[in-house]
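Protein sequence lines correspond, in order, to chains A and B. Take the position in the first sequence, starting the count at 1, then add 532; the result is the number in the numbering used here. Take the position in the second sequence, starting the count at 1, then add 532; the result is the number in the numbering used here.
Number of protein chains: 2
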Amino acid sequence: MTYTSFTPPRRTLMGPGPSDISSEVLSALSRPVIGHLDPLFVGMMDEVKSLLQYAFQTKNEFTIALSAPGSAGMEACFVNLVEAGDKVIVCRNGVFGDRMIQNVTRIGAQAIIVDSPWGRAVEIDKVEQALIANPDAKFLAFVHAETSTGALSDAQALCKMAQEHKCISIVDAVTSLGGVELKVDDWGIDAIYSGSQKCLSCVPGLSPISFSDKAVEIIKNRKTPVQSWFLDQSLIMSYWSGAGKRSYHHTAPVNSLYALHEALLHLHNEGLENAWARHKLQHDQLAKGLTKLGINFIVPEDERLPQLNAIYIPDTADDAKVRNYLLNHYNLEIGAGLGDFSGKAWRIGLMGYAARNENVALCLTALEDALSQS
Amino acid sequence: MTYTSFTPPRRTLMGPGPSDISSEVLSALSRPVIGHLDPLFVGMMDEVKSLLQYAFQTKNEFTIALSAPGSAGMEACFVNLVEAGDKVIVCRNGVFGDRMIQNVTRIGAQAIIVDSPWGRAVEIDKVEQALIANPDAKFLAFVHAETSTGALSDAQALCKMAQEHKCISIVDAVTSLGGVELKVDDWGIDAIYSGSQKCLSCVPGLSPISFSDKAVEIIKNRKTPVQSWFLDQSLIMSYWSGAGKRSYHHTAPVNSLYALHEALLHLHNEGLENAWARHKLQHDQLAKGLTKLGINFIVPEDERLPQLNAIYIPDTADDAKVRNYLLNHYNLEIGAGLGDFSGKAWRIGLMGYAARNENVALCLTALEDALSQS
């Protein structure tokens with residue numbers, strides 16, 4: 533067999549991630565590799581830490597980027613905090629709430645499931661009932677921005693409720709970080725994880741995570757060892773503890789971290805509030821155009837994620853045919869439906885660098901063309 | 533606080549990894565991101581699979597690159613194959629054999645430890661005694677190329693012995709793949725993992741792994757679920773099952789996989805045997821020069837890894853001072869000692885693209901200079 537170098541086309545990425553990446557971030561990615569214990573690299577990791585603290589709006593000392601995708605970040609939060617036999621209230625309103633449940637049960641812990649409809653925010657009242665009915669629950673876990681449905685939940689209210697009921701909160705911010713308001717310290721979030729390839733507009737493969745001091749205390753006082761060696765955060769923490777103190781754990785993904793540093797730098801320079809406003813503005817533009825095309829949103833307006841627009845596929849349209857047309861004719865990727873929404877929905881991402889006038893304009897024109905073909 | 537883009541210097545990487553990377557691989561890394569479910573990307577992943585089959589010398593259908601570093605590859609092998617209560621014979625002759633033990637015990641399985649001296653190959657006789665003494669052992673695990681000590685073990689003999697005693701073999705090939713002879717099918721290896729950042733000369737962050745059909749059967753017939761959701765290979769397999777059949781699991785590290793594809797392409801074009809011979813040739817050159825400098829190897833000649841040269845720090849030399857001098861004066865990284873060898877050894881890597889005349893020449897001259905300064 534003969535092989536040749538892979539030369540991908542230049543796509544516009546408006547699916548559920550990976551999102552569009554700026555040329556500056558791609559350029560940072562391909563800078564010369566240096567050692568993961570090189571003092572210069574350790575210094576850069578320190579900056580990644582403080583830039584992540586800014587992005588998460590936290591002073592948490594334990595704020596790092598995990599050397600694996602967001603789903604490993606989710607697992608890291610659960611396996612480090614939760615022990616066999618613990619009771620965890622898990623809110624499920626999409627694919628990723630369901631994945632949380634799988635994480636809880638694989639630990640041998642008990643998941644108390646609070647179901648809310650797909651395409652809606654987590655129902656606060658139901659969560660409160662579950663908290664009252666389960667006074668022995670130790671954790672409350674939910675997804676801030678459900679990537680599978682485009683629904684935004686009220687993280688602030690949920691975390692307040694968790695505190696009132698002496699529960700530790702575990703929050704999935706994979707799609708929310710950088711795209712909508714998120715304030716870890718103000719909202720009292722205890723454990724949070726995200727992904728590099730959504731609103732941060734970095735390459736996929738890293739998972740920013742942060743633990744409050746209270747969460748760190750729980751990790752330090754576990755009765756049993758963390759079941760995963762790779763994800764054991766007590767080992768990871770000393771790997772991220774800065775110049776002179778770093779102890780070897782694994783080899784960090786050096787180049788991906790260059791890219792994350794650059795992407796976070798851009799977010800810092802733009803300012804978080806400005807980034808949130810930009811996502812909202814572009815979402816409004818997109819929504820106006822989609823409505824003109826007669827396309828309906830799945831999520832009610834006040835629960836919608838600006839950065840991930842889940843829409844019903846028009847009855848007259850062929851799901852795969854339209855997406856392939858967009859891809860082949862316009863090099864434009866939009867996302868298919870996931871789980872319950874498979875074949876019924878499209879997901880249009882406006883994440884990070886993709887939340888720009890050019891992208892919205894292309895998407896609306898291309899979609900109109902594609903729909904007229906089917 | 534003000535942040536600026538991180539611009540690393542151009543180092544020559546002759547430590548235990550990450551290793552030097554060619555400009556072609558760096559260039560592949562920074563090609564435009566496309567979706568991880570894009571048909572073109574799925575096609576490239578198929579090529580990565582067959583290129584990895586070539587590198588591992590296997591027809592194993594289950595041959596993929598895990599979206600996390602080699603230590604996650606290690607954990608993936610253990611958590612998927614081993615269940616609580618199982619008996620695993622683990623050979624320990626350095627840091628990574630010890631890490632295997634930690635993986636086994638975190639599963640709730642029993643590790644039967646066979647210790648061989650640091651800086652030596654695994655002692656075959658001792659392993660055979662352990663196999664005889666533990667007829668109920670299900671697995672034999674060992675490190676082919678110990679990165680912490682520079683010792684090469686006889687994987688062929690060990691795997692043959694495992695088969696004779698009806699044990700499944702689990703082999704750490706993090707530093708061996710691409711650098712020394714390794715034949716998964718001929719040697720009857722059941723589960724094997726490696727890292728992208730050693731002799732493959734790709735960026736760090738990926739772990740090539742391969743399971744024999746026998747190992748896959750064990751995974752399929754587990755009595756208990758795999759404790760890790762992220763590393764559950766029954767889920768991963770359908771993610772890597774090619775066009776039309778792919779089911780969503782996580783977002784693959786798209787750009788790192790471009791780089792791995794390119795790095796494997798280079799290995800394929802050079803030819804495995806040629807790559808092995810090149811590592812040996814450069815090692816001989818380096819060894820000759822080191823001997824001239826009066827420097828002694830830790831590992832006896834016939835157990836030495838060509839790609840990782842562990843040497844005693846001369847009595848007259850200051851460990852940190854010499855390494856810092858090399859780094860600051862020559863932009864040359866060599867590795868410190870690890871574990872038992874901390875402060876006693878240096879590790880000079882000649883991995884992948886770093887196994888070149890230029891590197892050996894620079895290293896010898898620079899080291900001579902550095903030693904004369906202390």
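We put the beta carbon where it would ideally sit given N, CA and C, even for glycine.
Determine the chain A residues that contact B/Met576 at a beta-carbon separation under 9 Å, and present them in chain order. Residue 576 of chain B sits at position 44 when you count from the first residue of the second sequence. Using a Cβ-Cβ cut-off of 9 Å, B/Met576 is close to Phe538, Pro540 of chain A, given in chain order.
Rank B/Gly602, B/Gln817, B/Gly640 by C-alpha distance to the C-alpha of B/Leu613 and give the top, closest one. Mapped onto the second sequence, residue 613 of chain B falls at position 81. B/Leu613 has its Cα closest to that of B/Gly640, out of B/Gly602, B/Gln817, B/Gly640.
If you follow the alpha helix (DSSP H) that A/Gln839 is part of, which residue opens it and which one closes it? One-based indexing of the first sequence puts residue 839 of chain A at position 307. Per DSSP, A/Gln839 lies in no alpha helix (DSSP H) and is assigned neither H nor E.
Which residues in the same chain as B/Arg810 place their Cβ atom closer than 7 Å to its Cβ, once the five residues preceding and following it in sequence are excluded? The residue labelled residue 810 of chain B in the question sits at position 278 within the second sequence. Same-chain partners within the cutoff: Ala887.
Top-ranked residue by Cα proximity to A/Ala705, from A/Ser773, A/Ser744, A/Gln905, A/Met606: What you label residue 705 of chain A is simply residue 173 of the first sequence in a count that begins at 1. Minimum Cα distance to A/Ala705 is reached at A/Met606.
Along the chain, where does the beta strand (DSSP E) containing A/Lys619 start, and where does it finish? Position 87 of the first sequence, counting from 1, holds the residue named residue 619 of chain A. Run containing A/Lys619: 619-624, per the beta strand (DSSP E) assignment.
Spatial neighbours of A/Val654 within its chain, please: C-beta separation below 6 Å, excluding the five flanking residues on both sides. As a working mapping, residue 654 of chain A is identified with position 122 in the first sequence. Cys623, Asn625, Ser648, Phe674, Ser685, listed in sequence order.
Between which two residues does the beta strand (DSSP E) holding B/Trp761 run? The residue labelled residue 761 of chain B in the question sits at position 229 within the second sequence. Neither: B/Trp761 is in no beta strand (DSSP E) and is coded neither H nor E.
Would A/Asn787 count as contacting chain B if we go by Cβ distances under 9 Å? Position 255 of the first sequence, counted from the start, is the residue given in the question as residue 787 of chain A. A/Asn787 counts as touching chain B.
So which residues of chain B does A/Ala560 contact, with C-beta pairs closer than 8 Å? Residue numbering aside, residue 560 of chain A sits at position 28 when the first sequence is read from its first letter. In chain order, Ser537, Phe538 make up the part of chain B whose C-beta sits under 8 Å from the C-beta of A/Ala560.
Sub-9 Å separation of B/Ser739 and A/Gly737 beta-carbons: For this step, residue 739 of chain B is matched to residue 207 along the second sequence. For this step, residue 737 of chain A is matched to residue 205 along the first sequence. In this structure, B/Ser739 keeps its C-beta atom at 9 Å or more from the C-beta atom of A/Gly737.
Reduced DSSP secondary structure (H/G/I, E/B, other) of A/Ile702: Indexing the first sequence from 1 puts residue 702 of chain A at position 170. Looking at A/Ile702 - three-state DSSP - the assignment turns out to be strand.
Are the Cβ atoms of B/Pro564 and B/Leu840 separated by less than 9 Å? Position 32 of the second sequence holds residue 564 of chain B. Position 308 of the second sequence holds residue 840 of chain B. No.
With burial defined as no fewer than 16 other Cβ atoms inside 10 Å of the residue's Cβ, what is the status of A/Gly575: buried or exposed? Within the first sequence, numbered from 1, the residue matching residue 575 of chain A stands at position 43. Per the 10 Å Cβ criterion, exposed.
Could you check what DSSP says for A/Leu789 in three-state terms: helix, strand or coil? Within the first sequence, numbered from 1, the residue matching residue 789 of chain A stands at position 257. Secondary structure of A/Leu789 (DSSP, three-state): helix.
Residues sharing a beta bridge with B/Pro740, DSSP: Here residue 740 of chain B is taken as the residue at index 208 of the second sequence, counted from 1. In DSSP, B/Pro740 forms a bridge with B/Ala597.
Against A/Ser582, what residues of chain B qualify as contacts under a CB-to-CB distance less than 8 Å, listed in chain order? Against the first sequence, residue 582 of chain A aligns to sequence position 50. Within chain B, the residues placing a beta-carbon under 8 Å from that of A/Ser582 are Met533, ordered along the chain.
Beta-carbon separation (whole angstroms), A/Leu763 vs A/Cys731, contact threshold 8 Å: Looking up residue 763 of chain A in the first sequence gives position 231. Looking up residue 731 of chain A in the first sequence gives position 199. Actually they do not touch by this definition, with Cβ atoms about 24 Å apart.
Cβ-based neighbour list, B/Val748, same chain, cut-off 7 Å, excluding 5 preceding and 5 following: By one-based count along the second sequence, residue 748 of chain B stands at place 216. Phe594.
Quick one: Cα of B/Ser554 to Cα of A/Lys824, how far? Numbered from its first residue, the second sequence carries residue 554 of chain B at position 22. Numbered from its first residue, the first sequence carries residue 824 of chain A at position 292. Counting only the Cα atoms, A/Lys824 lies some 51 Å from B/Ser554.
Anticipated Cβ contact below 8 Å, A/Leu558 with A/Arg778, distance rounded: By one-based count along the first sequence, residue 558 of chain A stands at place 26. By one-based count along the first sequence, residue 778 of chain A stands at place 246. Not quite, the Cβ-Cβ distance comes to about 28 Å (not below 8 Å), so this is no contact.
Near-chain E residues of the stretch 834-856 of chain B (beta-carbon distance less than 9 Å), N- to C-terminal order: The structure shown contains no chain E; its protein chains are A and B.
In chain A, which residues lie less than 8 Å from B/Tyr790 when you measure between Cβ atoms? Taking the first residue of the second sequence as 1, we reach residue 790 of chain B at position 258. Those are Phe538, Pro540, listed as they occur along chain A.
Hey, is B/Trp772's beta-carbon within less than 9 Å of any beta-carbon in chain A? By 1-based counting over the second sequence, the position of residue 772 of chain B is 240. Cβ-Cβ to chain A under 9 Å: no for B/Trp772.
Burial state of A/Asp657 (16 or more Cβ within 10 Å): Your numbering for residue 657 of chain A matches position 125 in the first sequence. The residue is exposed, with fewer than 16 neighbouring Cβ atoms inside 10 Å.
List the residues of chain B whose Cβ lies closer than 7 Å to the Cβ of A/Leu579, in chain order. Taking the first sequence and counting its residues from 1, the one referred to as residue 579 of chain A is at position 47. First, the amino acid is wrong: residue 579 of chain A is Glu here, not Leu. Within chain B, the residues near A/Glu579 are Tyr535.
Quick one: what does DSSP say B/Met606 is sitting in, helix, strand or coil? Translated into positions along the second sequence, residue 606 of chain B becomes position 74. Under the three-state reduction of DSSP, B/Met606 is assigned to helix.
Can you find a C-beta in chain A that's less than 9 Å from the C-beta of B/Ser708? By 1-based counting over the second sequence, the position of residue 708 of chain B is 176. No - not a single Cβ of chain A is within 9 Å of the one on B/Ser708.
Please return the same chain residues whose Cβ sits closer than 8 Å to the Cβ of B/Gln759, not counting the five positions on each side in sequence. The sequence position of residue 759 of chain B within the second sequence is 227, counting from 1. Residues Val611, Ile639 of the same chain have their beta carbon placed closer than 8 Å to that of B/Gln759, with the five preceding and five following residues left out of the count.
Under 8 Å from the C-beta of B/Ala886: neighbouring residues of chain A: As a position in the second sequence, residue 886 of chain B is number 354, starting the count at 1. B/Ala886 does not reach chain A, its nearest Cβ partner there being about 11 Å away, counting only Cβ pairs nearer than 8 Å.
List, in chain order, every chain A residue whose beta-carbon is nearer than 7 Å to that of B/Gly547. Numbered from its first residue, the second sequence carries residue 547 of chain B at position 15. Gly567, listed in chain order.
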